[in-house]
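Visitor:
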Amino acid sequence: METPDNATPAGGTDADAPTTGIAAEDWATASAEPQYRAAVIDLLGALAYGELAAFERLAEDAKLAPSLEDKAELAKMASAEFHHFERLRDRLTAVDAEPTAAMEPFAKALDDFHRQTAPSDWLEGLVKAYVGDSIASDFYREVAARLDSDTRALVLAVLDDTGHGNFAVEKVRAAIDADPRVGGRLALWARRLMGEALSQAQRVVAERDALSTMLVGGLADGFDLAEVGRMFSRITEAHTKRMAALGLAA
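Read in our numbering, the sequence shown has 91 at position 100, and its numbers run on one by one without any break.
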């Protein structure tokens, strides 16, 4: 997953806020609170399955690539996503959590999202990777600001740009330049992706008590329902910027 350099969240995230509360602690200290530990395992499980699904999707999208060069580029990105998955899997094991069990609660929501948003061609696949992955990355970066220092460092590391963002922008803008009619179709597609992604994110949070508690108060120092609303507003604003980078109307 990634947040491309050319589309950082507008206004920044809470990652710039002073480090206080749990965010000032390391894992050994913070995990003494059972509910916080459960929330982090949920978070790492969701992120791990997301990386595994991204690997599978990129490998599948490579079949739609119009050239061998494009196919190789997607294969390289898929490899990077799998490496991210391995880091998360290993971290779950290190904190005495079973990786498959940690990922399982999130598999259906992510599988449903990918099934409902299966691209019909190469360009739709690129837009999906760029828009969908970036929305997820924005969400995890927001949450990372409230995590203990060890978990935060890992989450931010696996959100490093695999290069897919800039690659997608280049290819999509070139296609629109060649045929401006493509822009309207892809803009509608990106709006659908945004709606589906936010719907699934909200569903996942609502179904996991420890994770939702971390987001709306208690365990997450300073988070409240109003802040969750502002968080989703920032994610939406960042999406609008990415649409502009693609040359599409939000």
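Note that beta-carbon positions come from the ideal geometry of N, C-alpha and C, so glycine has one too.
1) Rounding to the nearest angstrom, what Cα-Cα distance links Glu95 and Phe158 in this structure?
2) Quick one: what does DSSP say Ala211 is sitting in, helix, strand or coil?
3) Does Gly123 come out as helix, strand or coil in the three-state DSSP assignment?
4) Nearest to Leu79 by CA position, among Lys99, Gly41, Glu60, Pro110, is which residue?
5) With a 10 Å radius around its C-beta and 16 neighbouring C-beta atoms as the bar for buried, classify Ser125 as buried or exposed.
6) Pull up the distance between the alpha-carbon of Val195 and that of Val163, whole angstroms please.
7) Check whether the Cβ atoms of Gln26 and Ala136 sit closer than 8 Å, and answer yes or no.
8) Can you check which of these residues, Asp17, Asp170, Arg106, Glu64, is closest to Gly156 by C-alpha distance?
9) Are Leu177 and Val118 touching if we call contact CB-CB under 8 Å?
10) Label Leu34 either buried or exposed according to how many other C-beta atoms from any shown protein chain fall within 10 Å of its C-beta, with 16 as the threshold for buried.
11) Around the C-beta of Asp87, are 16 or more other C-beta atoms found within 10 angstroms, so that it is buried, or is it exposed?
12) Would a C-beta distance cut-off of 8 Å place Leu38 and Tyr121 closer than the cut-off?
13) With 16 other CB atoms within 10 Å as the buried threshold, where does Leu101 fall?
Guide: Reading from the atomic positions:
1) Taking the straight line joining both Cα atoms gives about 31 Å.
2) Note that Ala211 scores a pLDDT of 46, beneath 50, so its modelled location is shaky; the value from the coordinates is reported in the next line. Three-state DSSP puts Ala211 in coil, outside helix and strand.
3) The three-state reading of DSSP puts Gly123 in helix, counting H, G and I together.
4) Distances from the alpha-carbon of Leu79 to those of Lys99, Gly41, Glu60, Pro110 put Gly41 closest.
5) It counts as buried.
6) Rounded to the nearest angstrom, the two C-alpha atoms are 31 Å apart.
7) No, they are not a contact pair.
8) Of all alpha-carbon atoms in Asp17, Asp170, Arg106, Glu64, the one lying nearest the alpha-carbon of Gly156 is that of Glu64.
9) It is a contact, given that the beta carbons lie within the stated cut-off.
10) With 16 or more Cβ atoms within 10 Å of its Cβ, Leu34 is classed as buried.
11) Per the 10 Å Cβ criterion, exposed.
12) No, the pair does not count as a contact, with Cβ atoms beyond the cut-off.
13) The residue in question, Leu101, is buried, as its Cβ has 16 or more Cβ neighbours within 10 Å.
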